[in-house]
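As C-alpha cells, the structure follows; a few thoughts come after it.
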Amino acid sequence: MKYFLSRLSQRQLIRLYSLLLAIVLILIIITSGPLGQAASTEILWDTYGVPHISSNRTPDLFRAFGWAQMQSHANLLLRLYGQARGRAAEYWGEDYAESDQWVRKMGIPERSQAWYKAQTPKFRQYLDTFAAGINAYAKAHPDQIEDDLKAVLPISPVDVLAHTQRVLHFTFVVNPEELQATLAKADPGEPVGGSNGWAIAPSHSASGKAMLLANPHLPWADLFLWYEAQITALGIDAYGATLVGVPVLAIAFNDAMGWTHTVNTYDGWDAYALTSRDGGYEFDGQVRPFDTETQTLKVKQKDGSWQEQTLTIQRSVHGPVVAEPKGQAIALRVSGLDRARGLEQWWKMACATNLSEFETALKRMQLPMFTVLYADRDGHILNFFNGQVPVRQEGTFADWSGVIPGNTSKTLWTRIHAYEDLPRVVDPKTGWLQNANDAPWTTTLPAALNPDDFPAYIAPRDVLYFRAQRSLRMLMEDPKISFEELIRYKHSTRMELADRILDDLTTAAKSSTDPLIKQAIAVLQKWDRQAEAKSRGAVLFKAWNDLMDRSKLFAIPWDEKSPLTTPDGLADPEAAITALKTAATELLKNYGALDIAWGDVFRLKSEANNLPANGGPGGLGIFRTVNYTPAEEGQFQAIDGDSFVAVIEFSNPVRAQALTSYGNATQPDMLQGSDQLTLMSQKKLRPVWRSRRDILAHLKSRTVNFGKD
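Mapping to my numbering: the sequence shown position 232 is 238, numbers consecutive.
Here it is, written out as C-alpha cells:
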C-alpha cells in the first residue's frame, strides 16, 4: 500500500483522498436515520405527546409505531383488540356479549386470518413487527397495563387486521345502530358530526401555494380516537393521524402532497328480506338451505367463572342473518370484504410524491369508503368519491336505502365499481374543492360533475345540509384565501340555519302580544348568529330548533338548482312561535335568563380543564362542529366533533398547524401536556414540528430501546 501511494502524484493523492472522503460521507448518509441521527430507530416525543418515529429500516419503524401507540393508549388499544377477536365478554363480562355476537356474526375473526395470508410478504412483515412492538412494550411495562386487560396479550398481526376490519367495514361502512334504524324503518336524519375537508389550488390561494384542510369529526372515545404521529424511514416522511390501533396513517401529508378524508354519502351494504320456507329461504324460485354454524361464547361472571352461551349463525347467499323481525329473516351483505390490502394502500398513499403516484395508490381500490381530498406542491387538487360501490342493476340511492327483497338474484350484486366509474374532480376552474359529508355533486360550484353521468344509486341528489352550504359559501365569498384566513374559516361558528330562517321567525312573531315572545325575539335580533363562547342568543336558537320537526320546518324544500338559497321560509309560523315560547320558558326555568352565553352552557371538559366551548352541531349549519351531551348543573359537555385538525400550505418549507382536541394519549402517565382543550377553547391550532431541530427544541422525552420479544 505504501509503495502504491508513493507512486502517485500529489494531484492523484488529492483525488484519491477526495474519493475516499465521498465514500465515507455516503456511508454516513446511508447509515444515518432520516432525521439525521446515528443509525437507529427512535421516538422523539414532543411536548404535546406526539411521537416522531424514525428508522433506517421500515420493519423497525412499524415496531416503534406499535410501541408508541401502546405508550400512549395501551389500555384502550388492548380493549379494542379484545373486542375485535369476538372474545371481549370472555375477558370482561356480560356488557360485551352483544359486541361479541356482532363480531362473530360478521365473520371478522375468520376473515382476518384470510386477510393476513392475502398481504404481500413485505407488508405482512410490517404487520408482524407492529404487533411485536405492542408486545414488547407490554413486556417491558406491565405496570402500565390494567390487570384485566393482560388476558388479551400477546397481540398478533391478525388482531391488528381484525380491529381494522371492525372499524372500517363494521363501524363506518355499516354501523349496528344504523342497521337497526333501517330495519325499524326509522329516518336516520342528518349525519351527526361528520367531517370537513378543503383542497385549495394556487389560483384561489393568497400565497399562490396549494393548501389543504383536514378536519374529521368523530366521537371523542373508543375506536374513534385519532392518534397523531410522524413516521420517517427510507422513502417516507409523513405526518398525520390514524385511529388508535391502526398501524398506518389514515390522514397525512409530506413535503410534496397530502390528503384528508370525509365520510361520504356511500352505500356499501344492503339488508335483504328473505322469504322463509321449509327451513330454508326462497331464491329464484327454489328453496335454499341456510349455511348454519354454531359457536360458543364464553361470558365472564362476577365471581370469575365463565358461562357458556351458544351462538347460532345462519348465512344465506347474501350474507349472515342479522335479525328475524316477526319471523322474517334479514340477511346483511357488505361490499369489499374480499379486499384485504387497505392498510397497504394507505401506506402507499403516504409514500406518494405527486398526483400520478397518489392516484396509482388510489386505483388499488382497497379502502372501503371515504371521500379523498388531495393537494400538492405542484398546485394540483383532487376530490375522489372513494368507495367499494356495488354494481347494481337499477334504482336510486333512496331505493337501496331500505330493506331489499332477497328472493331474487336481480337484487343480488356481486361486483364493485372500478376507479374510473366513480365521481372524480381534478384541478377545477374554481380553484377549490370541498366536502362536508355532502354528495360529490357539490364538491365545487359551479358544479364540475353532472349526476346524470353516473348511476342514480351512486349518491343522493335531493339534499345539501346546512354545514355543507356554509362550507361552500365561505369558499365562494373569498377569491384569495390566506393560510391565516383558512384557519379562521375552519373555526367559523356562524349558523347558516339562522341566516336562512331567523328573519322569517322574527316576521312571524310580530303579531304576537305575548311578552315572553317579544323578549325572546329581542334577544335573537341582538344575537351575532354565531356559537362563540360569548354569543348571547345562540342557546335560545338551538333550544328552539331542537323543538322543531326539521322535516316540516321549511315552506320551500331544497332545490339543486338553488343549492345555497334553499330550503327557505317557515312552513308553519304558528308552530314555530309556539316552540319559541316553550324554548324561552325552559331557558328561564333552567338558567334564569334568555340571553345566557353559549360558553356558560356548553363546555370543554377533561380532568384538567373545564372551559367555555365554541362551536356546535353541524345541523345548525356550523362549520366548527362540536356535539354535546348533558352534564351536571344544566351544562353540556363536548363529546364529539372537531377532533384531529390540520391546515397545510405546500410552500417550501411546508407550513402546517394542527390540533388533536382531546389530546394524544389516554394513558395516565402520558396525559400531562397532551390536553389541547385550552387551545380549542381559544380557537387556536399549534405548530407542527417536523424537522429534527424543531422537534429537539420541543422535546419531552426520547425512546431508543424497544425491548425484545
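We treat Cβ as the ideally placed atom computed from N, Cα and C, and that holds for glycine. Since the model is a prediction, treat every value here as computed from it, not as a measurement.
Tell me the DSSP secondary structure of residue i in three-state form.
i           : result
residue 275 : strand
residue 233 : strand
residue 211 : strand
residue 206 : strand
residue 312 : strand
residue 51  : strand
residue 637 : coil
residue 265 : strand
residue 647 : strand
residue 221 : strand
residue 709 : strand
residue 256 : coil
residue 661 : strand
residue 696 : coil
residue 346 : coil
residue 330 : coil
residue 389 : strand
residue 160 : coil
residue 45  : With a pLDDT of only 43 at residue 45, under the threshold of 50, the placement of this residue in the model should not be trusted, and no figure is reported.
Taking only the alpha-carbon atoms, compute the straight-line gap between residue i and residue j and give it to the nearest angstrom.
i           : j           : result
residue 315 : residue 187 : 27 Å
residue 360 : residue 265 : 12 Å
residue 558 : residue 86  : 41 Å
residue 505 : residue 231 : 33 Å
residue 349 : residue 650 : 20 Å
residue 38  : residue 54  : Residue placement at residue 38 is poorly supported in this model, since its pLDDT is 39, which falls under 50; the coordinates still yield a value, given next. Near 26 Å, if we compare the C-alpha coordinates of residue 54 and residue 38.
residue 290 : residue 108 : 29 Å
residue 288 : residue 330 : 15 Å
residue 45  : residue 337 : Here the model assigns residue 45 a pLDDT of 43, short of 50, so the residue's position is not dependable, and the following value carries that caveat. If I take the Cα positions, the gap works out to 54 Å.
residue 91  : residue 514 : 57 Å
residue 716 : residue 696 : Since the first residue of the chain shown is 7 and the last is 715, residue 716 is not available in this structure.
residue 335 : residue 418 : 16 Å
residue 276 : residue 327 : 12 Å
residue 425 : residue 398 : 16 Å
residue 620 : residue 70  : 37 Å
residue 385 : residue 219 : 15 Å
residue 169 : residue 81  : 15 Å
residue 134 : residue 123 : 12 Å
residue 222 : residue 517 : 44 Å
residue 58  : residue 50  : 5 Å
residue 293 : residue 189 : 24 Å
residue 707 : residue 77  : 12 Å
residue 501 : residue 128 : 49 Å
Is it the case that the Cβ atoms of residue i and residue j are separated by a distance below 8 Å?
i           : j           : result
residue 141 : residue 115 : no
residue 443 : residue 404 : no
residue 439 : residue 387 : yes
residue 378 : residue 267 : yes
residue 614 : residue 539 : no
residue 270 : residue 136 : no
residue 535 : residue 601 : no
residue 106 : residue 93  : yes
residue 224 : residue 158 : no
residue 257 : residue 67  : no
residue 544 : residue 592 : no
residue 422 : residue 341 : yes
residue 451 : residue 429 : no
residue 298 : residue 318 : yes
Classify residue i as buried or exposed, calling it buried when 16 or more other Cβ atoms lie within 10 Å of its own Cβ.
i           : result
residue 36  : Low confidence applies to residue 36: its pLDDT is 38, below 50, so where it sits in the model is not reliable, and the reading given next is rough at best. When all chains shown are included, residue 36 counts as exposed.
residue 27  : With a pLDDT of 49 at residue 27, under the threshold of 50, the modelled position of this residue cannot be trusted; read the value that follows with caution. Under this definition residue 27 is an exposed residue.
residue 102 : buried
residue 312 : exposed
residue 448 : buried
residue 148 : exposed
residue 119 : exposed
residue 556 : exposed
residue 382 : buried
residue 496 : buried
residue 699 : exposed
residue 531 : exposed
residue 214 : exposed
Can you check whether the C-beta of residue i is within less than 8 Å of a C-beta belonging to chain D?
i           : result
residue 118 : No chain D appears in the structure shown, which is made up of a single protein chain.
Whole alpha helix (DSSP H) elements within the region 417-504, 4-residue minimum:
Taking 4 residues as the minimum length, the alpha helix (DSSP H) runs contained wholly in the region 417-504 are 472-483 and 489-496, in order along the chain.
Entirely within the region 599-630 and at least 4 residues each: give me those alpha helix (DSSP H) ranges in chain order.
Entirely contained in the region 599-630, the alpha helix (DSSP H) runs reaching 4 residues are, in chain order, 604-607.
Which runs of the beta strand (DSSP E) at least 3 residues long sit entirely within the region 540-576? Give them in chain order.
Entirely contained in the region 540-576, the beta strand (DSSP E) runs reaching 3 residues are, in chain order, 560-562 and 574-576.
What ranges does the alpha helix (DSSP H) occupy inside the region 87-149, keeping only unbroken runs of at least 4 residues that lie completely in it?
For the region 87-149, the continuous alpha helix (DSSP H) assignments of 4+ residues that do not extend past its boundaries occur at 94-98, 103-111, 114-124 and 127-146, in sequence order.
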